[in-house]
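Below: the structure, in structure tokens.
Number of protein chains: 2
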Amino acid sequence: MCSLHCGRTERKMTGRKVRNMEEFASLSGLSRPTLSKFFNNPQSVRPSTRERIKAALDRYDYTPNIYAINQNRRLTRNIGIVVPYLADPFFAEVARKLEPLCAASGFNPILLSSHGDPDREIENLDSLRSIKPAGVLLAPLGRRTRQADLEAFWKGIPTVLFDCEIEGVGDAFFGSDNSQSIGLLVDYLCRTGEAPAFFEMANAPNPNANKRRVAYEEAMQSQGYDPMILSVPGDGWEFEKVGFEEGGRLIRARALPSDTVLCSNDRLAIGMLAAAYESGIRVGIGEGHALRVAGHDDHPYARFTCPSLTTASQDYGAIAGQSLSRLLSIIEAGSRPDDYKAELFDGSLVMRNSA
Amino acid sequence: MCSLHCGRTERKMTGRKVRNMEEFASLSGLSRPTLSKFFNNPQSVRPSTRERIKAALDRYDYTPNIYAINQNRRLTRNIGIVVPYLADPFFAEVARKLEPLCAASGFNPILLSSHGDPDREIENLDSLRSIKPAGVLLAPLGRRTRQADLEAFWKGIPTVLFDCEIEGVGDAFFGSDNSQSIGLLVDYLCRTGEAPAFFEMANAPNPNANKRRVAYEEAMQSQGYDPMILSVPGDGWEFEKVGFEEGGRLIRARALPSDTVLCSNDRLAIGMLAAAYESGIRVGIGEGHALRVAGHDDHPYARFTCPSLTTASQDYGAIAGQSLSRLLSIIEAGSRPDDYKAELFDGSLVMRNSA
DNA sequence: GAGATAAATTTACACGCGTAAATTATTAGA
DNA sequence: TCTAATAATTTACGCGTGTAAATTTATCTC
Chain G
0 MCSLHCGRTE RKMTGRKVRN MEEFASLSGL SRPTLSKFFN NPQSVRPSTR
50 ERIKAALDRY DYTPNIYAIN QNRRLTRNIG IVVPYLADPF FAEVARKLEP
100 LCAASGFNPI LLSSHGDPDR EIENLDSLRS IKPAGVLLAP LGRRTRQADL
150 EAFWKGIPTV LFDCEIEGVG DAFFGSDNSQ SIGLLVDYLC RTGEAPAFFE
200 MANAPNPNAN KRRVAYEEAM QSQGYDPMIL SVPGDGWEFE KVGFEEGGRL
250 IRARALPSDT VLCSNDRLAI GMLAAAYESG IRVGIGEGHA LRVAGHDDHP
300 YARFTCPSLT TASQDYGAIA GQSLSRLLSI IEAGSRPDDY KAELFDGSLV
350 MRNSA
Chain V
0 MCSLHCGRTE RKMTGRKVRN MEEFASLSGL SRPTLSKFFN NPQSVRPSTR
50 ERIKAALDRY DYTPNIYAIN QNRRLTRNIG IVVPYLADPF FAEVARKLEP
100 LCAASGFNPI LLSSHGDPDR EIENLDSLRS IKPAGVLLAP LGRRTRQADL
150 EAFWKGIPTV LFDCEIEGVG DAFFGSDNSQ SIGLLVDYLC RTGEAPAFFE
200 MANAPNPNAN KRRVAYEEAM QSQGYDPMIL SVPGDGWEFE KVGFEEGGRL
250 IRARALPSDT VLCSNDRLAI GMLAAAYESG IRVGIGEGHA LRVAGHDDHP
300 YARFTCPSLT TASQDYGAIA GQSLSRLLSI IEAGSRPDDY KAELFDGSLV
350 MRNSA
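Heads up: the protein sequence lines correspond to chains G and V, in order.
First residue of the first sequence? That's 0 in numbering that gives the first Met the number 0, and the numbers climb one at a time after it.
First residue of the second sequence? That's 0 in numbering that gives the first Met the number 0, and the numbers climb one at a time after it.
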């Protein structure tokens with residue numbers, strides 16, 4: 000807690016443990032309210048006093064009781080981060096970027112994963128509510144999100160959504176411009192070979208999937224092609240498995256309408272690449288290759304697929320950074336904004352060997 | 000909070016919000032101490048009273064203030080879970096198993112990742128300490144862990160280690176029997192082809208790597224072979240990258256002493272498989288294959304590598320389950336055990352197409 | 001060095017709950 | 001129906017902090 004404010008990352012506990020602020024006050028020769036001010040904001044006390052407190056902090060082992068602090072504060076300095084599926088590298092990555100940013104702003108990030116379960120998502124929000132966070136960064140599950148519950152939560156606590164937008168919920172939204180990035184991919188694929196078919200899971204949990212399909216259709220039409228949608232059964236978050244099984248089925252049945260497949264996301268593509276490999280289909284560009292496969296997201300493993308995966312990267316950094324700074328400005332303003340703000344960031348094409 | 004005890008996952012907030020237990024007491028016609036008992040343990044009040052409280056809970060919107068509770072309790076019901084690298088699927092998986100188990104026991108799991116950074120690990124423990132958790136489940140970083148700090152933490156809070164054992168720290172340890180699982184792999188590989196070389200990163204962050212190397216050496220010797228260690232430069236957690244670059248270097252330089260390579264973990268193997276693919280080396284068993292590659296851990300993507308990866312699976316469930324139940328028994332006992340307990344679980348061979 | 005300003009101190013109360021002791025009400029068993 | 005056991009209530013205090021108002025002290029400017 001303290002390390003956030005006074006910049007100390009390690010203690011030299013040469014002295015004994017101090018029970019409470021009262022005791023620490025007499026030990027350091029200051030009054031408790033002054034110390035209280037210091038711990039809330041070191042800049043709010045005179046530099047000379049600040050140094051005295053820091054010196055005392057080195058001599059004695061004292062940490063303010065976080066429960067007593069938060070019981071009385073109007074607002075805690077906790078920020079909830081709720082993601083739909085932490086085992087998914089995209090969210091693991093965003094969370095990893097978010098944590099140090101929160102800490103740098105003096106806030107305490109609390110990371111929760113819904114593990115793909117809508118009930119779990121609401122449970123996570125409930126448990127956050129009991130912690131009275133200053134705000135919440137939420138990447139909703141999407142299609143299966145219990146919208147009414149989410150809306151009720153949002154009314155009580157400043158909430159910024161990212162990755163997945165939900166109608167009528169949240170003070171702001173930051174995500175990727177699927178239309179732009181899919182456009183980039185379709186454009187590239189059309190330019191360098193056959194126009195791509197679009198491979199997706201029929202019951203995708205996340206509305207981005209729908210946006211990407213629509214973006215694909217529009218991009219194809221603007222290039223003068225008829226869209227070719229391959230919508231395979233499947234739900235949940237086991238994309239690789241669906242890509243492998245259903246993609247393999249399509250390959251073996253020779254049911255692909257094009258020698259180029261654009262997958263709705265990299266995880267589907269990873270599964271499909273594995274299926275193609277097992278079917279002895281050579282994936283890639285140029286002579287001797289029977290299939291081109293592209294994905295979307297620039298998954299951390301996209302570099303290591305066989306062949307390496309051509310894809311579109313999302314601007315994780317911008318999404319994480321802007322979501323947080325928007326939330327912080329809402330928190331600091333102390334009042335909810337009147338205007339809902341949504342911002343989409345461009346992706347960029349990552350050309351590798353699969354297409 | 001309450002949902003853990005009274006089993007309600009959703010509220011019907013037909014009534015108004017209740018500020019505190021006092022107010023809720025008068026609304027429900029009971030006394031505050033009785034309600035306090037109920038929230039600590041619903042079984043401690045008479046069934047009829049229990050029903051009255053639950054009914055009131057449905058009528059009014061009341062949640063006990065978690066900060067006020069924890070300020071006064073001797074022990075919070077928080078359990079810290081600290082992992083070295085959450086983006087690593089092994090830890091993501093263990094964490095995913097741990098969370099519902101904690102919740103089912105009435106505890107609140109707090110998940111923190113050290114992101115491969117030893118300072119971050121200690122910071123995580125410090126921030127946990129300020130939360131006064133009942134206990135902590137810790138998978139240490141390993142080699143780079145700041146042992147003295149860790150030891151100081153452990154002395155204050157019940158701590159069970161898993162995955163990676165640290166000399167002289169922790170009330171118990173649960174992990175995989177690397178000797179057994181590596182033995183299984185070496186045995187299988189020797190039986191079905193050339194004896195394997197062992198591919199590892201020289202400065203692995205985790206001591207399991209050393210244990211695996213030693214286990215490999217012993218297994219090879221007991222089979223009558225000389226160990227062949229391929230120790231490549233590299234540190235950190237980017238195993239795939241090291242496997243890809245250094246593995247690729249070995250392959251292109253034809254520096255592999257055997258046509259069979261056992262990788263210290265699956266992530267290295269994933270990188271090496273990608274490198275082999277790019278070099279045009281066919282990996283697998285039987286005719287027309289030039290290289291066999293095996294891994295260790297049964298990474299979630301091991302099914303989807305090209306070819307699918309032969310590996311040894313760790314018993315995630317047992318490790319997670321036993322670690323937690325040991326910690327809970329220490330917490331319930333209210334005193335630290337005299338005897339340190341370490342238990343290793345067997346892995347099992349997962350035969351796929353790469354070896 | 002005086003006045004203006006800023007900071008620290010004192011005093012006092014509040015927060016929402018745990019918990020112990022003594023008392024009263026309820027239940028179970030015969 | 002009575003008694004013993006059990007549960008609930010009342011009363012009272014404590015936990016470690018936030019925070020407001022009034023006062024005193026230190027610092028700065030000229």
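For glycine and all other residues, C-beta sits at the position ideal for the given N, C-alpha and C.
Predicted, not measured: the structure shown is a model, and the values here were computed from it.
- Counting C-beta atoms within 10 angstroms of its own C-beta, Y339 of chain G has fewer than 16 neighbours from the protein chains shown and is therefore classed as exposed.
- For the 7 Å CB-CB criterion, S230 of chain G and E199 of chain G form a contact.
- In this structure, the beta-carbon distance from L97 of chain V to A319 of chain V falls below 7 Å.
- Of all residues in the stretch 95-109 of chain G, those with a C-beta nearer than 9 Å to a C-beta of chain V are R95, E98, P99, A102, N107, I109, reading in chain order.
- Per the C-alpha coordinates, the member of G:R266, G:R253, G:L249, G:L255 positioned closest to G235 of chain G is G:R266.
- Proximity of chain G to L272 of chain V at the Cβ level (cut-off 9 Å) is accounted for by F303, C305, in chain order.
- Nearest in C-alpha terms to F172 of chain V, of all of V:S178, V:N107, V:F161, is V:F161.
- In the assembly as shown, D345 of chain V is an exposed residue. Its beta-carbon has fewer than 16 other beta-carbons within 10 Å.
- In the three-state scheme derived from DSSP, where H, G and I count as helix and E and B as strand, A102 of chain G is classed as helix.
- Taken in chain order, the unbroken stretches of beta strand (DSSP E) that lie wholly in the stretch 260-320 of chain V and span 3 residues or more are 291-293, 310-312.
- Within the stretch 119-200 of chain V, the alpha helix (DSSP H) runs of at least 4 residues that lie entirely inside it are, in chain order, 146-155, 177-191.
- Chain-order list of chain G residues neighbouring P88 of chain V: A86, by C-beta distance under 7 Å.
- With a cutoff of 7 Å on beta-carbon distance, V82 of chain V and Y315 of chain V are scored as not near each other.
- By the rule that beta-carbons nearer than 7 Å mark a contact, Y276 of chain G touches chain V.
- Leaving aside the five residues that flank A196 of chain V on each side, the residues in its chain whose CB is nearer than 8 Å to its CB run, in chain order, M227, I228, L229, L255, P256, S257, T259, V260, L261.
- Taking the C-beta atoms as reference points, T309 of chain G is found no nearer than 7 Å to H295 of chain G.
- Out of V:I80, V:E166, V:S113, V:G270, the CA that lies nearest to the CA of P299 of chain G is found in V:G270.
- If you look at P46 of chain V, you'll find it in the alpha helix (DSSP H) that goes 46-58.
- Short of 7 Å from the beta carbon of I250 of chain V, and not among the five residues preceding or following it, lie these beta carbons of its own chain, in chain order: A274, A275, S278, I280.
- Among the CB atoms of chain V, none fall inside 7 Å of the CB of A203 of chain G.
- Among the residues of chain G, none has a CB under 7 Å from the CB of E150 of chain V; the nearest is roughly 13 Å distant.
- Short of 8 Å from the beta carbon of N19 of chain V, and not among the five residues preceding or following it, lie these beta carbons of its own chain, in chain order: N64.
- Closer than 7 Å at the C-beta level to chain V, one finds these residues of the stretch 64-85 of chain G: N64, I65, Y66, A67, N69, Q70, L85.
- For V17 of chain V, same chain residues with a beta-carbon under 7 Å away, outside a window of 5 residues either side, are F23, L26, Y59, D60, Y61 in chain order.
- Collapsing the DSSP output to three states places E237 of chain V in coil.
- Q220 of chain G counts as exposed, since fewer than 16 other C-beta atoms from the protein chains shown sit within 10 angstroms of its C-beta.
- Per DSSP, reduced to three states, the secondary structure at N19 of chain G is coil, with no helix or strand assignment.
- Sequence-ordered contacts of the stretch 34-62 of chain G with chain V read T62 [C-beta pairs closer than 8 Å].
- Residue nearest to Q321 of chain V within the set V:G174, V:K154, V:W153 is V:G174 (criterion: CA-CA distance).
- Under the three-state reduction of DSSP output, N69 of chain G falls in the helix class.
- DSSP links P108 of chain G through a beta bridge to G:I78.
- Residue contact check for I269 of chain V against chain G: a CB pair falls below 7 Å.
- Look at S328 of chain V here: in three-state DSSP terms it is helix.
- Per the Cβ contact rule, the stretch 150-161 of chain V is in contact with the stretch 120-139 of chain V (3 or more Cβ pairs under 8 Å).
- Residue state for L229 of chain V is assigned as strand, using DSSP reduced to three classes.
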